Amino acid sequence: MHPALESLALPSLDEALPERFRRALGLAPAGQYGVAVRELGEAIAGAETRRAGPFVRARVSPPRWREHGERRRATLEFALGYCDDAQLEFLGPGVGTGFYVDVLGERRAALHHVGIYQHGLAAAAHRLAGAGFPMVVSGGLDLGPLARFTFAYFDTRAALGHYLEILDFAWLGERPVPLRPLIERAARLRARASVSRPD
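Numbering (the numbering used here), first residue to last: 267 to 465.
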């Protein structure tokens with residue numbers, strides 16, 4: 267296992283989302299760890315010293331954020347990078363929502379969810395709800411055939427010990443969004459900008 271994942275005491279993605287569970291619900295394999303953290307900069311620095319990343323850090327207010335059926339205005343701070351083939355997402359406490367920070371208790375970091383990149387979010391949500399795993403948070407943008415960036419979290423804690431997120435991202439029809447090169451390029455550009463910025 268990658269040293270950064272090991273330092274966070276994370277299971278393998280196959281353990282976090284067992285094949286029997288996902289096949290029964292028509293789910294793709296997991297590709298992302300979502301880790302709630304108390305302090306984002308500290309989490310990024312710790313992971314990068316263990317050869318993860320580079321990370322791109324962002325602060326956004328996701329469109330159409332809906333939590334337990336209620337529309338809210340939430341601001342999220344997160345960072346994305348890679349550990350070998352796994353995407354590692356660090357999620358700060360956020361504003362207007364306790365969805366991420368609530369899993370921490372007294373810890374500085376904890377596995378919040380595993381994420382699946384998969385088309386057909388509505389159909390997957392129907393299957394998950396039918397199996398007793400309700401949608402608890404959703405949001406994103408759907409621009410029809412031009413682009414789609416939608417996501418939803420499901421309460422699978424009783425079965426898996428953490429939430430499950432499905433990310434339905436596509437552009438120009440059903441073409442997958444090439445996230446990894448975009449994230450890594452943005453992280454390199456941001457690092458270059460911070461180095462060249464005068465003190």
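By construction, the Cβ of each residue, glycine as well, lies at the ideal position given by its N, Cα and C atoms. Note that the structure is a prediction, hence the values are computed from the model and not measured.
In the DSSP assignment, Phe417 falls within the unbroken beta strand (DSSP E) covering 413-420. As computed with DSSP, Glu431 is found in a beta bridge with Gly381, Tyr419. Residue pairing for Ala352: DSSP places it in a beta bridge opposite Cys349. Looking at the DSSP output, Pro442 bridges to Ala436. Leaving aside the five residues that flank Val369 on each side, the residues in its chain whose CB is nearer than 6 angstroms to its CB run, in chain order, Ala302, Ala376, His378. Under a 10 Å Cβ-count criterion, Met267 is classified as exposed, with fewer than 16 other Cβ atoms of the shown protein chains found around its own Cβ.
Non-local C-beta neighbours of Arg423 in its own chain, meaning closer than 7 angstroms and more than five positions away in sequence, comprise Tyr429, ordered along the chain. In this structure, the straight-line span from the alpha carbon of Gly300 to that of Leu354 is close to 6 angstroms.
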